[in-house]
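Quick note on this note's numbering: the sequence shown kicks off at 15 and runs consecutively.
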Amino acid sequence: MTTIRPRWHPPRNVRSVITTRQTGNLATHVGSADAAIGHRQRLVKAESIPQDPLWLEQVHGSDIYVAGEGPVPSSPPVADAAYTTQFNRPLAVLVADCLPVLLASPDEVAVVHAGWRGLAKGIIGRTLARFRNREVEAFLGPAIGPCHYEVDGAVTSAFEGLAGFSRGRDDEHFMMDLWAIARLQLARAGVKDVAGGGVCTWCDPQFFSHRQDRVEARFAAVIWRDGSSF
Ligand SMILES: [Zn+2]
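Okay, here's the thing in structure tokens:
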């Protein structure tokens with residue numbers, strides 16, 4: 015099973031994985047739930063992930079689930095970001111065009127599902143507000159790029175100004191750059207070290223694309239603090 019190792023430089027005990035089309039669909043709410051659970055189990059084994067990641071019920075909102083010491087909840091929490099200080103507590107978001115953002119400091123990790131709605135609601139800044147340690151590094155995963163993501167005024171009006179947007183097919187349409195907007199929001203929150211970005215899910219056949227594919231499927235971004243690497 016092929017996965018991508020994000021190229022970034024988080025603290026040494028932080029592990030992260032981006033899955034691909036070859037990993038299979040990991041979402042239980044689209045396609046076959048049984049198949050998705052099988053894909054998840056294979057992913058955990060192949061990547062030596064310490065346990066099944068915390069999967070979220072993502073609603074394009076701005077709530078952050080804080081994973082504490084207790085057991086993983088039996089049903090996925092409704093949230094679009096997850097945060098933890100715990101070791102061996104993998105966190106995941108499911109995407110297919112929306113932007114997955116990985117965040118890590120020496121004391122904690124988080125993962126964010128950032129589509130245009132989440133970005134407009136400030137989910138990146140809200141997640142960073144949880145961080146105790148301000149030395150945060152970020153990685154921007156594969157998402158639909160400004161080469162293929164056309165939106166209209168209903169989207170741009172949710173943002174202050176047009177930073178991250180360029181002209182689309184006419185005056186009423188815009189090409190949206192999720193990475194550029196995420197970078198602006200990270201910079202505003204004081205995060206200087208940002209890696210990744212630039213891999214378009216529409217252009218790169220390794221990744222599922224909600225807008226391009228006929229079949230609904232999601233890939234995942236997973237992050238955890240490895241408790242064995244001291
Ligand atoms: Zn593209």
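For each residue, glycine too, the CB sits at the ideal point set by N, CA and C.
Counted within 10 angstroms of its Cβ, other Cβ atoms place I138 as buried (16 or more) or exposed: By the neighbour-count rule (16 or more Cβ atoms within 10 Å), I138 is buried.
Is C112 near ligand 1, in the sense that its beta carbon is under 7 Å from a heavy atom of that ligand? For ligand 1, not one heavy atom lies less than 7 Å from the Cβ of C112.
If you draw a straight line from the alpha carbon of A157 to that of H23, how long is it in whole angstroms? Between the alpha carbons of A157 and H23 lies a gap of roughly 20 Å.
Restricting to runs no shorter than 4 residues, where is the alpha helix (DSSP H) found entirely within the segment 91 to 153? The DSSP assignment places 130 to 134 and 137 to 142 as complete runs of the alpha helix (DSSP H) inside the segment 91 to 153, in order along the chain (cut-off: 4 residues).
Taking the straight line between their C-alpha atoms, what separation do you get for P104 and V123? Cα atoms of P104 and V123: separation of roughly 9 Å, rounded to the nearest angstrom.
Give a yes or no on whether the C-beta atoms belonging to V109 and R29 are separated by under 8 Å. Contact annotation: V109 and R29 have beta-carbon atoms that are not nearer than 8 Å.
Does the beta carbon of R228 come closer than 8 Å to any beta carbon on chain B? In the displayed structure, chain B is absent; only one protein chain is listed.
Kindly indicate which three-state DSSP category L70 falls into: helix, strand or coil? DSSP places L70 in coil when its eight states are reduced to three.
At the level of alpha carbons, what is the spacing between G82 and D185? Within the model, the alpha-carbon separation for G82 versus D185 is close to 48 Å.
Span of the beta strand (DSSP E), counted from its first residue to its last, around G10: Because the chain in this structure spans residues 15 to 244, residue 10 falls outside the shown range and cannot be described.
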